[in-house]
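Engineer: Just so we're aligned, residue 1 is where the sequence shown starts under full-length UniProt numbering, counting upward by one.
Supplied in structure tokens, the structure appears directly below.
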Amino acid sequence: RGKKVWELLVCDDTGALRHAEYFANNKVNSSNLKVALEALFASLGGVRPAKVRFFRTQMNTIIGRALKDLNIKPVPSLKCAELIAWLDDRYDTVYTQHPGFQPVVAPLMGQ
Numbered sequence: 001r002g003k004k005v006w007e008l009l010v011c012d013d014t015g016a017l018r019h020a021e022y023f024a025n026n027k028v029n030s031s032n033l034k035v036a037l038e039a040l041f042a043s044l045g046g047v048r049p050a051k052v053r054f055f056r057t058q059m060n061t062i063i064g065r066a067l068k069d070l071n072i073k074p075v076p077s078l079k080c081a082e083l084i085a086w087l088d089d090r091y092d093t094v095y096t097q098h099p100g101f102q103p104v105v106a107p108l109m110g111q
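Structural data, given as structure tokens:
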């Protein structure tokens, strides 16, 4: 219907761990992010990282609050090479296949 969805992408620096989850636009908040991360960590045997790097500074408040509630240090960073490579791949193989896809004028990560 042309409504935006948000996607949570979690990976490690090797790409061995990859998790993707969609959220409706009206469900994007720190509480729902915290619940999603708790479920992910539980599925991994309860292991949690000490810190998490993320590059979406626009989401700093939501991400930071969810991570702090989980006692994980949030680290805003543009050095998320594996995530950026995964996003580039998903743009070509996943996003362009979605109904209602609208190409962006500029590449997602400024290739």
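C-beta: ideal position from N, C-alpha, C; glycine also.
1. Would you tell me roughly how many angstroms separate the C-alpha atoms of Pro99 and Cys11, rounded to the nearest one?
2. Mind pulling the beta strand (DSSP E) runs of 3 or more residues that sit fully within the UniProt domain "RNA-binding protein Tab2-like N-terminal" (2-90)?
3. Can you name, in chain order, every residue of its own chain whose Cβ lies under 7 Å from the Cβ of Val52, other than the five neighbours on each side?
4. Have a look at Gly46 and Tyr95 and give me their C-alpha separation to the nearest angstrom.
5. Keeping to the same chain, check which residues put their C-beta closer than 6 Å to that of Leu44; ignore five residues upstream and five downstream.
Structural biologist: According to the structure data:
1. 25 Å
2. 5-11, 18-24, 51-54 and 73-76
3. In chain order, Leu67, Ile72, Pro74 and Val75 place their CB closer than 7 Å to the CB of Val52, counting only its own chain and leaving out the 5 sequence neighbours on each side.
4. 31 Å
5. none
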